[in-house]
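Heads up, the thing below is written out as structure tokens.
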Amino acid sequence: MPRLSERQRLIHDIVDVMAVALMDEENDELLNDNLTADSDLRLISDVDDVSEMLQLVQSSRYLVYRERAISATQFHADIFLQTTPNSRFRTRTRMDKDSFKLVVDEIKDNPVFYNRSPFAHAPVWLQLAVALDRFGHYGSGASLNRSQELWDIRKGTADDYTDRVFKALNELSSRYAKWPSADERRQTSRRMASKGFRDCIGFIDGTTIALSQKPAIDGECFFLRSKAAL
């Protein structure tokens, strides 16, 4: 049986209430009850109120206010960063606005985002947003069709944005992810030993990223125990 929406359930309830009110009115007429004029008016008023409520619900597509999504053609950095609700922003970029701005500042001067053509590349923040949206989805959710519809860009453009962001972020890897020097390892080992972890130079945690298919090279190295590609 199809699942009814909250609006549909409310309409059904109102129709049931109206049906009961009309049946009561008909029964009163059939039984020729000695109703006063005031009670007649009160009954008619109740039926009218329910009828007006039904018309109001049926004329409204949604029961609560819905935020309008900003179309890609209206996008502007200030609009995207300031007026996009936080929940929607995190859904699209998988980070908060402050973190997003920091990443933009880190990669905005990378030559990959500039060319000698009279037609400049799209703003760095937009290219990053498109790439992060794809990074944060799996399978069909990360498809170029979705990027095309969501951001109003061509499939090839979405691929170009993603490649540029990949290259820019990868060039930052040596600054943020590096193996410690011998002296740094000794210092870390002493700190770890004081906490009860001897001969340990540190530990890290990470998040697995599901892939829709295994890589062509060394694909067997990208499987979890659950047989999912990461």
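Those letters in the sequence shown? Residues 12 to 241, per this note's numbering, in order. Just so you know, even glycine gets a beta-carbon here, dropped at the ideal spot from N, CA and C. As the structure is a computational prediction, the values presented were derived from the model and not from experiment.
Assigned with DSSP and collapsed to three states, F214 falls in coil, not helix or strand.
V61 is positioned such that its CB atom lies no closer than 7 Å to that of V31.
The Cβ atoms of T173 and A142 sit closer than 7 Å to each other. A check of alpha carbon separations from V123 across K178, E195, T199, D170 identifies K178 as the nearest.
The C-beta of I164 has 16 or more other C-beta atoms within 10 Å across all chains shown, which makes the residue buried. Beta-bridge analysis with DSSP links F111 to no other residue.
Shown here, F208 sits in coil according to DSSP, grouped into three states, outside any helix or strand. Collapsing the DSSP output to three states places F234 in a strand.
In the three-state scheme derived from DSSP, where H, G and I count as helix and E and B as strand, I228 is classed as coil.
Counting along the chain, Y125 sits inside no alpha helix (DSSP H), nor does DSSP assign it H or E at all. Annotation: the continuous alpha helix (DSSP H) that includes Q159 extends over 155-162. Minimum Cα-Cα distance from R20 among the listed residues Y73, E63, K108, D59 corresponds to Y73. Of the candidates S154, L180, N126, R99, the residue whose Cα lies closest to the Cα of E117 is L180. Contact annotation: V114 and V135 have beta-carbon atoms that are not nearer than 7 Å. Minimum Cα-Cα distance from M106 among the listed residues D144, R127, D120 corresponds to D144. One alpha carbon belongs to N121, the other to R14, and they sit about 51 Å apart. Separation of N126 and V176 (C-alpha to C-alpha, rounded to the nearest whole angstrom) is 15 Å. In this structure K225 is not in contact with F214, their Cβ atoms being roughly 27 Å apart against a cut-off of 8 Å.
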